[in-house]
Each structure stands twice: as C-alpha cells, then as structure tokens.
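Novice: These protein sequence lines map, in sequence, to chains A and B.
Sequential numbering from 51 applies to the first sequence in this note's numbering.
Sequential numbering from 169 applies to the second sequence in this note's numbering.
Positions of the beta carbon are idealized from the N, C-alpha and C atoms, including for glycine.
Fair warning: this is a prediction, and the values are worked out from it, not measured in the lab.
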Amino acid sequence: MNFRPDVHTIPPHVRPELVIDFDAMADQGMKVDLFKRLAEVRDGAPPIAWSPYNGGHWMLFREKDIQSALSDADHFTSAFMSLGSQERGGPAMIPLGMDPPAHTPWRMLVMKYFGPARIRELEGRIRQTAEKLIAPLAGQSECEFVRAVAEPMPISIFMALMGLPPEGFAEFRDLALTVVSASDTTGEASARIMQILGELIAARSAEPRDDLVSALLAEQVNGAPIGGAELMSICFVLFLGGLDTVTNAMTFGIRYLAMEPELQAQVRANPDRIPALVDQLLRRSAFVNVQRQIKQDTVFSGVEMKAGDAVWNMCWAGSNEPGGETEGPRHLAFGSGFHMCAGMHLARLELKVMYETWFRHVGQFALAPDPEPAMVGGQVMHIKRLKLNLQPAGEGAAA
Amino acid sequence: MIRVTFVAHDGTTREVAGEAGQSLMALAVATGTPGIDGDCGGSMACGTCHVVIAPEWQERVGPASEYEACLLEVTLDPGPNSRLGCQVVLSAALDGLVVHTPASQKV
Numbered sequence: 051m052n053f054r055p056d057v058h059t060i061p062p063h064v065r066p067e068l069v070i071d072f073d074a075m076a077d078q079g080m081k082v083d084l085f086k087r088l089a090e091v092r093d094g095a096p097p098i099a100w101s102p103y104n105g106g107h108w109m110l111f112r113e114k115d116i117q118s119a120l121s122d123a124d125h126f127t128s129a130f131m132s133l134g135s136q137e138r139g140g141p142a143m144i145p146l147g148m149d150p151p152a153h154t155p156w157r158m159l160v161m162k163y164f165g166p167a168r169i170r171e172l173e174g175r176i177r178q179t180a181e182k183l184i185a186p187l188a189g190q191s192e193c194e195f196v197r198a199v200a201e202p203m204p205i206s207i208f209m210a211l212m213g214l215p216p217e218g219f220a221e222f223r224d225l226a227l228t229v230v231s232a233s234d235t236t237g238e239a240s241a242r243i244m245q246i247l248g249e250l251i252a253a254r255s256a257e258p259r260d261d262l263v264s265a266l267l268a269e270q271v272n273g274a275p276i277g278g279a280e281l282m283s284i285c286f287v288l289f290l291g292g293l294d295t296v297t298n299a300m301t302f303g304i305r306y307l308a309m310e311p312e313l314q315a316q317v318r319a320n321p322d323r324i325p326a327l328v329d330q331l332l333r334r335s336a337f338v339n340v341q342r343q344i345k346q347d348t349v350f351s352g353v354e355m356k357a358g359d360a361v362w363n364m365c366w367a368g369s370n371e372p373g374g375e376t377e378g379p380r381h382l383a384f385g386s387g388f389h390m391c392a393g394m395h396l397a398r399l400e401l402k403v404m405y406e407t408w409f410r411h412v413g414q415f416a417l418a419p420d421p422e423p424a425m426v427g428g429q430v431m432h433i434k435r436l437k438l439n440l441q442p443a444g445e446g447a448a449a
Numbered sequence: 169m170i171r172v173t174f175v176a177h178d179g180t181t182r183e184v185a186g187e188a189g190q191s192l193m194a195l196a197v198a199t200g201t202p203g204i205d206g207d208c209g210g211s212m213a214c215g216t217c218h219v220v221i222a223p224e225w226q227e228r229v230g231p232a233s234e235y236e237a238c239l240l241e242v243t244l245d246p247g248p249n250s251r252l253g254c255q256v257v258l259s260a261a262l263d264g265l266v267v268h269t270p271a272s273q274k275v
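Below, the structure is given as structure tokens:
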C-alpha cells in the first residue's frame, strides 16, 4: 500500500494485512453511492480492518462482531464522546457518552419517555405534521424531498415534544443544519442551541407544562433531582440524536423507493406492508457508523486491539451481509447493545406515518436528474438532497 | 434441554427447546419464534422482548428487577406477569415453561 506515513496512522500492533485503503469520511466513491461503495469495500476487506485515515481506526464489518462490541462496555467504551464534546465547549453527553453501570439509570429515564406506550401518544401530532408537509406535493410534478419533508418533519416533531414554540421553527432548523454539518460555525450554532434549551429549561422550572422538559424536571435519578447541567446534556443529546438521523432515514428510504417502481407498486397495492417496509428500508439504509474506543488491551475475534484505539462499527455492512437476512426487524440501523437508539420507536412511527401519508398523496415517483454527487460519508452518513419527479396519486399504475 | 412453549396473541402455540443459561429472548430468536424482536441483543435497552409469564410459572420465574420494571412500564400492554425475555434465564427448574407473546413489540 502506498500510504504516506506523515498523514496516515498505522500503529505497530496493527497487522499489515488488516490495513485497507479506505477513508470512511471522504472516500470519493461514497459521494456517488454510499451503499454500493460500502458493499465493495466490505467484500474486499478482512472482517475486521484498519483504516489509516482520520487518525486511524478499526472497522468492524460483521453483524456478530458489531453486536459483541456494542454489548461489551468493559472493552468498548463510549466515554470519549462526553470528553470530546466537553473539550469543544459542549455539554457532557448523557446518556450517550456513559458506560454501565453509571449509564443505566439515565438510560432508563430516557426510555421512560421514548418507550412505545409514550410514543404512541404522539401519533396524532405526527400525522398532522406529515399531512401538512406532504399534502401540498399532491399537485406538483417535482420536489426536493429533503427540504420539503425529511428536514422539517422531524424538526417540527422534536420541537413539539420538547415544548419549543413552533414560531421558532426557521431559526431552529437553520441551527440544527449548521450543528450537524460540522462547519466553521458549528460551535456558534451549538452555543445558540444550548442557549435556547437553557431558556426552555428555566421557563419550565418556573412554570411546568405538558412537555418532555417539564416531565424530566420532575424526575429523580439515583435518588436526587436532575441538575440543570444534566438536563441540558440530555436535551442536547436528544437534539443531536433525533433530527438528522430521521431526516436521513426518510431520504434514503424514499430514494430506494424512487429507484424501484415495483416496490412502490407493491406498497401502493397493499399499504398494510408499510410497517415491514419501514424496517426493510432501514436495514438497507443503516447510515450510522457507531463509534467506540478500546478501553483496555484485548484480543477481539482474533485481532489485537490496544487501549485508546478508535473503532467504527460499520452498521450498514453488518446489516446487509451476503447471504444474511433481508427482512425482519433485527438489523443495525439503530445500533445495538445498551446504547441502542433510544428514539427508535419514535423514528419508526415517524417513518411509518410519513410513508402512509406519502403514498396517499403522491403517485408514482422517480429520481430526477441531479448532476452533482449528493452523498456524504462519515460517522452519520447522509444525503444532502433528493430531487424527485412526481405523478399525481391514482395515475402511478398507468405509467 | 429445557422445553418452553410460546403462546402467540392469537392463541397459536409453539414448543421449542433451549439450553440452561440461555435467555428466553435468545431462545426465541434462535428458533425463529415470532412475537419477540429482541432488537438490542439482550442489553435491556430496547424493551422489544416483552413476554407475559403464565400465572402458574410466575413464582418460579420470579419478578422483574428495578430497571427491567422501568422498561416494562413503557411497553405496549404491560401486566403483573410481564418480564423481558432477555432477563429470564433458562434453567432446569423452568423446564416446561409457558409464556405468552404480545400482539406487537412496537408502536
């Protein structure tokens, strides 16, 4: 391999045959089609490989290895997430940047508000939001799906859930996009988000309402009320975890459907298929490469790893192994183990409602020409825009 | 071999055999038994392996732990005999166990 040693990191304990020439952040092929490129990389790589880019890190490609790593906090820690955030002036990441057992009571607190029973109460509001965004597309011949649906829908729902007033939508959307884009102004935008959340927490402390922040203020963890900094941290993690991820899941899902008229026709003929479709498309879109750090030296699946090594769990590869399952709810789109996405029930409901509403208002749809590559690799892989050609509902069958 | 009968919400029964030390969730997943998802793989993080223990087995299976009870509370239809399948570990004493699976683990 022709790596330049000044920019590429290969520590001595990494066996040379495990090193592959793949930059999981900036690979050119991923910009055109993330999933094709990931399949190609996975097929040519050892099950556990080392990428010398981005500081150097392990990549786990197999479902079994990813499941093991994400269930083993003794060797695969998440604490670096909190430390990293705090170094950048952000809050600690509760519960995302914690390891068990300290993690457990915080996780249970969050799950209390994101379990299926509580999420079901949000369905009416989610349906209203979807209807408002998608119904206007019924008469249009084209749309940019990210801007029209996939961005505004989760942001509106998150704001309502937290108790943020809807008139702040435009500012909040711009801030959210800046924070997740990791640009020069990300720090500024994070500070403003924390200011907005801080004001919300102060307002609900003074006068509780029927929203998540008010409810969390009344909770206890380890026998004590939740402090202001801790509550801010939870809210910030919910914000980071719940917005662009849903946007990505919606956009990748609609992209697959746009490329597969037969799948569209099946769903249109049988909308009862939509809950299964949600998981089928999530599996094919699994866009989060969940990161961990080795906590103590270990030999994992025959590979020597040292404390401090970075690990990327390549969840798309693990969810789409050759010869593996293609249906069913067990995939790695929400990660796995004790940090498995706490928002998965909310995400599934948002996706289900979005697809139901979409198929009610929109007929056959297909990708519109887009000369520029729109996909981006990284820890949360995403697609910047999705241009579609639309036909009115009821005319799809004739096309 | 420890025999377990899963009763689906529509009354369909399915008897499967597991090993001591295996969890009910792992047994259901390994045998392709429908009605249990077990998304998080047994870390008590997702609440998608909710089962209801048949009343005559409740005492031998025992109650949920504090954190398990938190998760059970937010499953769709929790009851007094509810447990998370990933937290019920098979042993010889549970040979013949009967558990019911809910209509859905998800919204």
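(1) Given that a residue counts as buried once 16 or more other Cβ atoms are within 10 Å of its Cβ, and exposed if not, what is L133(A)?
(2) Quick one: residues in its chain with C-beta nearer than 7 Å to the C-beta of G264(B), no 5 flanking neighbours on either side, listed in chain order?
(3) Roughly how many whole angstroms lie between the Cα atoms of E217(A) and F286(A)?
(4) Out of I246(A), M209(A) and A274(A), which one is the CA nearest neighbour of D260(A)?
(5) Does the pairing of the segment 347-361 of chain A with the segment 313-332 of chain A give three or more beta-carbon distances under 8 Å?
(6) Assuming contact is defined by CB atoms lying nearer than 9 Å, are D207(B) and M394(A) in contact in what I supplied?
(7) Classify M158(A) as helix, strand or coil using the three-state DSSP reduction.
(8) Using beta carbons (cut-off 9 Å, strictly below), is L88(A) in contact with chain B?
(9) Per DSSP, which residues does G186(B) bridge with? Please list them.
(10) Taking 9 Å as the threshold (beta carbon to beta carbon), is T199(B) in contact with chain A?
(11) So, with DSSP's three-state summary, where would you put N439(A)?
(12) Starting from the N-terminal side, write out each stretch of the alpha helix (DSSP H) that is 4 residues or longer and does not extend beyond the segment 346-395 of chain A.
(13) Might you give, ordered along the chain, the residues of its own chain that have their beta carbon closer than 7 Å to the beta carbon of L183(A), omitting 5 neighbours on each side?
(14) Hey, could you find the ends of the alpha helix (DSSP H) F289(A) is sitting in?
(15) Is S250(B) helix, strand or coil by DSSP?
(16) Measuring only the C-alpha atoms, how far is M482(A) from A185(B)?
(17) In the DSSP assignment, what residue or residues form a beta bridge with M425(A)?
(18) From the DSSP output, in three-state form, read off E269(A) for me.
(19) Can you pull the chain A residues whose beta carbon is under 7 Å from the beta carbon of A263(B), in chain order?
(20) List, in order along the chain, the chain D residues whose C-beta lies closer than 9 Å to that of G387(A)?
(21) Got a sec? Which residues, its chain only, sit under 8 Å from M131(A) by beta carbon, not counting five neighbours each side?
(22) If you compare alpha carbons, which of R65(A), L159(A), R138(A) and M355(A) is closest to T235(A)?
(23) Exposed or buried, K345(A), counting other C-beta atoms within 10 Å across all chains shown (16 or more means buried)?
(24) Hey, out of P248(B), P270(B), R251(B) and I204(B), whose CA is closest to P379(A)'s CA?
(25) In the DSSP assignment, find the alpha helix (DSSP H) that holds G174(A) and state where it starts and stops.
(26) Check this for me: beta carbons of A185(A) and H432(A), under 9 Å apart or not?
(27) Name the chain A residues that come within less than 7 Å of V275(B), Cβ to Cβ?
(28) Could you give the residue range of the alpha helix (DSSP H) that holds V91(A)?
(29) Tell me whether R342(A) sits in a helix, a strand or coil according to DSSP, three-state version.
Specialist: Answer, in terms of the structure:
(1) Answer is exposed; the Cβ neighbour count stays below 16.
(2) Correct list, in chain order: R171.
(3) One alpha carbon belongs to E217(A), the other to F286(A), and they sit about 20 Å apart.
(4) The option with the nearest alpha carbon to D260(A) is M209(A).
(5) Below 8 Å, too few C-beta pairs join the segment 347-361 of chain A and the segment 313-332 of chain A to call them touching: fewer than three.
(6) Yes.
(7) Residue state, collapsed to three classes: helix.
(8) Taking Cβ atoms only, chain B never reaches closer than 9 Å to L88(A), which makes this a no.
(9) According to the DSSP secondary-structure assignment, G186(B) is paired through a beta bridge with I170(B).
(10) No, no contact with chain A.
(11) Correct three-state label for N439(A): strand.
(12) If we require 4 residues or more, the alpha helix (DSSP H) runs fully inside the segment 346-395 of chain A come out as 365-369.
(13) Non-local beta-carbon contacts of L183(A) in its own chain, meaning distances under 7 Å to residues more than five positions away in sequence, involve A198, V199, P202 and M203 in chain order.
(14) Start and end: G278 to G292.
(15) The answer is strand: DSSP assigns S250(B) an E or B state.
(16) Residue 482(A) lies beyond the stretch modelled for chain A, which goes from 51 to 449, so this question has no answer here.
(17) In the DSSP output, where bridge partners are listed per residue, M425(A) has I433(A).
(18) In this structure, E269(A) counts as coil in the three-state DSSP scheme.
(19) Looking at the sequence shown, residue 263(B) is not Ala but Asp. Those within 7 Å of D263(B) in chain A number zero; the least Cβ separation is about 27 Å.
(20) No chain D appears in the structure shown, which is made up of the protein chains A and B.
(21) Counting only Cβ-Cβ distances below 8 Å, and skipping sequence neighbours, we find M143, L146, G147 and Q341.
(22) Considering only alpha carbons, the answer is R138(A).
(23) Buried, because 16 or more other Cβ atoms sit within 10 Å of the Cβ of K345(A).
(24) With distances taken between Cα atoms, P379(A) lies closest to I204(B).
(25) Note, G174(A): alpha helix (DSSP H), E173 to I184.
(26) Contact flag unset, no.
(27) Within chain A, the residues near V275(B) are P166, I169, R170, H395, R398 and L399.
(28) DSSP places V91(A) in the uninterrupted alpha helix (DSSP H) bounded by L84 to G94.
(29) DSSP places R342(A) in strand when its eight states are reduced to three.
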